[in-house]
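S.K.:
Protein chains: 2
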Amino acid sequence: MTSQTQDWRSRAKAKKQQQLDSIPKEWILRNPPSKDQLNVTDIPRTCGLLSSREIEITESHVEAILSNLAKGIWSAVEVTTAFSKRAVIAHQLVNCLTEIFIERGFARAAELDDYFKRTGKVVGPLHGLPISLKDQLCVKGLDATMGYVAWIDKPSEKNSVLVDTLESLGAVFYVKTNIPQTLMFPETYNHIFGRTVNPANRALTSGGSSGGEGALVALRGSPLGVGSDIGGSIRIPAGLNGLYGMRPSYHRTPYAGNVNSLEGLNSVYSVLGPLTTSLETVKTFMSSVISKEPWQYDPLVIRKKWNEDEYRLCDHNGGKQLCFAILWDDGMVRPHPPVLRALETARDALTRAGHKVIDWDPAGLAEVNNVASKLWGSVGKQDSLAVTSLSGEHLITTMRPEVEDLENLFELPSRYKALNLTAFEFWQVNVLQRQLRQEYLDRWRETANVTGTGRPVDAIIAPVAPYAAMPHGQHRNAVYTTVWNILDYPAIAIPVTTVDPILDVKRERSSFYNEDDRTNWEYYGPEKFKDAPVGIQVVGRTLQEEALIGMTEIVDRSLKTYQPKL
Amino acid sequence: MTSQTQDWRSRAKAKKQQQLDSIPKEWILRNPPSKDQLNVTDIPRTCGLLSSREIEITESHVEAILSNLAKGIWSAVEVTTAFSKRAVIAHQLVNCLTEIFIERGFARAAELDDYFKRTGKVVGPLHGLPISLKDQLCVKGLDATMGYVAWIDKPSEKNSVLVDTLESLGAVFYVKTNIPQTLMFPETYNHIFGRTVNPANRALTSGGSSGGEGALVALRGSPLGVGSDIGGSIRIPAGLNGLYGMRPSYHRTPYAGNVNSLEGLNSVYSVLGPLTTSLETVKTFMSSVISKEPWQYDPLVIRKKWNEDEYRLCDHNGGKQLCFAILWDDGMVRPHPPVLRALETARDALTRAGHKVIDWDPAGLAEVNNVASKLWGSVGKQDSLAVTSLSGEHLITTMRPEVEDLENLFELPSRYKALNLTAFEFWQVNVLQRQLRQEYLDRWRETANVTGTGRPVDAIIAPVAPYAAMPHGQHRNAVYTTVWNILDYPAIAIPVTTVDPILDVKRERSSFYNEDDRTNWEYYGPEKFKDAPVGIQVVGRTLQEEALIGMTEIVDRSLKTYQPKL
């Protein structure tokens, strides 16, 4: 081991220690669960650290919290305290946080309470609401390491546009959340903060790259988190943790001023969106952020006001007798039984509610996914290597626990082949992407011939992934989410069910699309996925955020009516 | 000379001959002006080929034409005949056309007349309006060579989205217009169709790359032309021909289905927009195209309806007491006296009309222009060379008449240096572009501190170019237009005046920014620019098409009130 590598390891360790030291002593779990206890979802409410009022606060949806804050029933300080405590408890269970800055949260909350006391008014629609932020979101004075050792002790000089926007709406910030190094994995592990695990089963991944958010919000350590998504990084952790998570279209929410990977890739853009416990909150987040005219602060944001008529489905028959199309299977890797059951449940619920449900043809998706592979691989990770080379830490190329710490392991998964294209070759990938977007747009529009509604399919329903949360290092397929990023279709993950060994028996198959498909089928056994949540995606057309939320509410409501116990 | 090069020359010649053959014999000018006659603007009305009614039709603005068509006062066939005739006359004077397909135009016009006769109704808001199309716009069954010999006899398989859209609105197509090979020049010359010249002075350029449109519309051979603009290609020919021309923001109008250069350059996008004789027509074009929801047909078009409130300047004090900022000089090349006088006239007219006028600081524009040079040069013309190599014709690298036909002359102007970047290097240019867009957005927003209106500057007024129309081969500077493309600000060129040897005397200067600036100053003499029109640009913020048209109307009206003789 060279001195340089010793150095990065000790810097990572010191940073982690600093994080642990920032936790108030009195919030340390006295009886932490044993490593063998996989499901830790009940511990926050049973560990004895939270009062019953704190449990009530943290288990409320955002709308109730905002309403109680606006009425003065709850103070911002007590709401912030409750979530700070619960976030720290969650962190001890699933290792979901990066920066912990609850003192700043308290100070901000106290200011808001003071303002409310003086004026009787809220500062904005998110007055007093604690919001957790994925590590890459820049908050003045705090690190945004993104899991890179080289970026330790480089505090952000100012807030990013979204952070400023949320603050101006009344938000309180108190924690940032864990990510995989490079952000380009659907799981969450890096050399500084380690691995985030799934609260429903700690042997399983919490997903990624917004895996810290997924685990934290699932444990109600935050009522609303901000994640980013370039290939599923919001929807995968939302789906794998039983949450709601939205990927808006490119440039609907402001990205400026945050750190990121793949900077300068102007073909598919990472976007910021919410992970939360209700669909209403997804709308609150989107409409309130857009109400602040983020195009005044981020040159890439589209000047397009929030449109309540579109939300009320003025272009979709007012929400009556919609036609949904289900993508059962992408023709590359067939989903596991719990995922198929979630889709079947959605079909039955929507049909019962009077909507039409047809099948969505997977044609073209393989080509779309190929474009993703080419785009991710086009510069061969030169951007990430430029950062890791500064500290000497190695580039992480797998999330598998047994090999993650091997240095200089260049086992690049196939979706991430280093292509090292020229600019001209790269442009040809862009041309192909545009062509596929054109073909898909035409395909969708032409469904008007088969829906029987006079309109094209209103929304597509698809798996979030071909499986529920996988054991660590096994979640390698992000195709079901990535294709919509390449096409720039907004998509919302919503929870449907959890893996049920009785219902989700292995389904026999005799033929397979390819080796990945066979391996995935062979791998399945319900016992591996014990307690894992299962979500689905509802997918709309580009820049249809308002209508997509409206249609997803219909899906969500139909599901809740159909299976009222959930 | 090899047989291959002989071959491309004969193919080019045959195509040109085919074009000439498509002109009805009875529309050939019996007494064409001598080469020495530079100003040919009066010839269409004096040559004897047009009836007085045809003169009346072709010298009407679009609104009057549409109104007379809708009332049945003029038939579509007679309007199409008048413009077809005048287009062919114009072509004989300034060589502005590529494809001439007036028979198709007549057939379409007859159909429209028939529909009108049967129903008493128009098919749409552009019912019966002849519209000319820049060569790169694809019309089913017609070539779109873009000046490349290799693309001769490769008719388009279908209409592009914009062509379909305009057709559905009622347009009649009859001619396509000339462009420079590669489209990446602000003048117009290629090996097939030759050079387009300026109707006001045939020794001067008509601009480019939509130079055929500029010359045709200036001669009233078309009431409305569609051009494209990635660095000024609509605004330069509009400005140099005394017309109105708009560059909308990226993805506000549909581009899909046309041929283009730099395909896959996802950093700065070429956009389609109108060249015409009134500002009202700019609005008619934009609002009617957007009314057809082009996002249903082109995946890149932004889902954003036309907003009349924004046009009525709801975000700009209803149009009262606006604050305009004038960019007098970009700090790189100071404009010639006629251009400065045009800006002074605008300042005085706006001040007289009760608006505030301040100076716009050119800081940052040099960096923005550097990004343009890097983007244009990033793949070293590999895309164009791939096309020229198919036929053996050489890549045109200068518009200078004395050298344009030298083969394999690789005198690349400095703005076009072949960089042959890697994808990763190219991404860094994108990062720089985004950073400059951020800085410029912040700069503009912060002008709220100095305008005294409580708002940031409402619009910027800038030169179209540092000179009026230049002698052929001399128009090399496109910085005044290109910077807004890189920043993605919509901009409208409007006419202000013409070069006046008495008013536009050379202004003494003792110091210069650089050699280009000195050369440009030395070059000036009003006699070189005899009769040349001078326009200015009005520049708005990204996706502010509606408000920009509204504000430009204020500028235009103020100018017309201030100098009523124009």
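Chains as they are written, first to last, in my numbering: chain A, 1 to 566; chain B, 1001 to 1566.
Where is the CB? At the ideal position from N, CA and C, for every residue including glycine.
Since this is a predicted model, take the numbers as computed values, not measurements.
1) Residues in the same chain with beta-carbon distance under 8 Å from L1133 of chain B, minus the five sequence neighbours each way, listed in chain order, please.
2) Beta-carbon separation of I236 of chain A and G212 of chain A under 8 Å?
3) Anything in chain A within Cβ reach of A1256 of chain B, meaning under 7 Å, just list it in chain order.
4) Comparing the C-beta of F410 of chain A with each C-beta of chain B, is any distance below 8 Å?
5) Just how far apart, CA to CA, sit V505 of chain A and L343 of chain A?
6) Can you have a look at Q1037 of chain B and say buried or exposed, based on whether 16 or more other CB atoms are within 10 angstroms of its CB?
7) Against E425 of chain A, what residues of chain B qualify as contacts under a CB-to-CB distance less than 8 Å, listed in chain order?
8) Taking its Cβ as the centre, do 16 or more other Cβ atoms sit within 10 Å of L1020 of chain B, making it buried, or is it exposed?
9) Which partner residues of C323 of chain A appear in the DSSP bridge assignment?
10) Any C-beta of chain B within less than 7 Å: which residues of the segment 437-468 of chain A qualify?
11) In whole angstroms, what is the alpha-carbon distance linking H61 of chain A and S278 of chain A?
12) Let me know the alpha helix (DSSP H) ranges lying completely inside the segment 445-515 of chain A, each 4 residues or longer, listed in chain order.
13) Kindly list, in the order they appear in chain A, the residues whose Cβ is closer than 9 Å to that of R1434 of chain B.
14) Using three-state DSSP, classify D1153 of chain B as helix, strand or coil.
15) In terms of alpha-carbon separation, which member of A:L216, A:P248, A:V217, A:A218 lies closest to G231 of chain A?
16) Roughly how many whole angstroms lie between the Cα atoms of L1419 of chain B and V1333 of chain B?
17) Would you kindly report the start and end of the unbroken beta strand (DSSP E) that includes D1229 of chain B?
18) Our contact map puts Y1480 of chain B next to A1465 of chain B with C-beta atoms below 8 Å; I'd like the distance itself, whole angstroms only.
19) Please list the partners that K154 of chain A has in chain B, where partner means a Cβ-to-Cβ separation under 9 Å.
20) Taking any Cβ of chain B, which residues in the segment 542-562 of chain A have a Cβ under 8 Å from it, in chain order?
21) Give me the chain A residues within the contact set of S1378 of chain B, using Cβ-Cβ distance strictly less than 9 Å, ordered along the chain.
22) Would you mind reading off the limits of the beta strand (DSSP E) that contains N201 of chain A?
23) Shortest alpha-carbon distance to S1156 of chain B belongs to which of B:Y1440, B:L1436, B:G1141, B:V1123?
24) Figure out for me which residue from A:S270, A:F285, A:D135 has the closest Cα to the Cα of L166 of chain A.
25) Got a sec? Which residues, its chain only, sit under 8 Å from Y440 of chain A by beta carbon, not counting five neighbours each side?
26) Check the DSSP bridge columns for F1173 of chain B and list the partner residues they point to.
27) Rounding to the nearest angstrom, what Cα-Cα distance links R1455 of chain B and T1447 of chain B in this structure?
28) Run through the DSSP bridge pairs and tell me what N198 of chain A is partnered with.
29) From the DSSP output, in three-state form, read off Y570 of chain A for me.
30) Could one say the Cβ of K304 of chain A lies closer than 8 Å to chain B's Cβ atoms, at least one of them?
31) Looking at chain A, which residues of the segment 1357-1372 of chain B have a Cβ within less than 8 Å of any of its Cβ atoms?
32) Under 6 Å Cβ to Cβ from W1151 of chain B, same chain only, skipping five residues before and after it: list those, please.
33) So with CB distances below 8 Å, who are the chain B contacts of N485 of chain A?
34) State whether the segment 1180-1193 of chain B contacts the segment 1202-1210 of chain B, with contact taken as three or more CB pairs (one from each stretch) at a distance under 8 Å.
35) Could you work out which residues of chain B lie near N430 of chain A, taking near to mean beta carbons separated by less than 7 Å?
36) Tell me whether L275 of chain A sits in a helix, a strand or coil according to DSSP, three-state version.
M.R.: If we stick to the structure as given:
1) V1139, V1163, F1173, V1175, K1176, T1177, G1225, V1226
2) no
3) Q438
4) With a pLDDT of only 44 at F410 of chain A, under the threshold of 50, the placement of this residue in the model should not be trusted; the figure read from the coordinates follows. So, not an interface residue.
5) 16 Å
6) exposed
7) A1423
8) exposed
9) A:K356
10) R437, Q438, L441, R445
11) 7 Å
12) 448-451, 479-487
13) A256, E263, G264, N266, P299, L300
14) coil
15) A:P248
16) 24 Å
17) 1224-1229
18) 6 Å
19) Those do not exist, as K154 of chain A stays about 18 Å from chain B at its closest Cβ, beyond 9 Å.
20) T542, L543, Q544
21) A423, F424, W427
22) 201-205
23) B:G1141
24) A:F285
25) G364, V368, L487
26) B:I1131
27) 8 Å
28) A:N201
29) This structure gives no information on residue 570 of chain A, because the portion of chain A shown stretches from 1 to 566.
30) yes
31) none
32) T1145
33) Under the 8 Å cutoff, chain B gives no residues; its nearest Cβ is about 14 Å from N485 of chain A.
34) yes
35) G1264, N1266
36) strand
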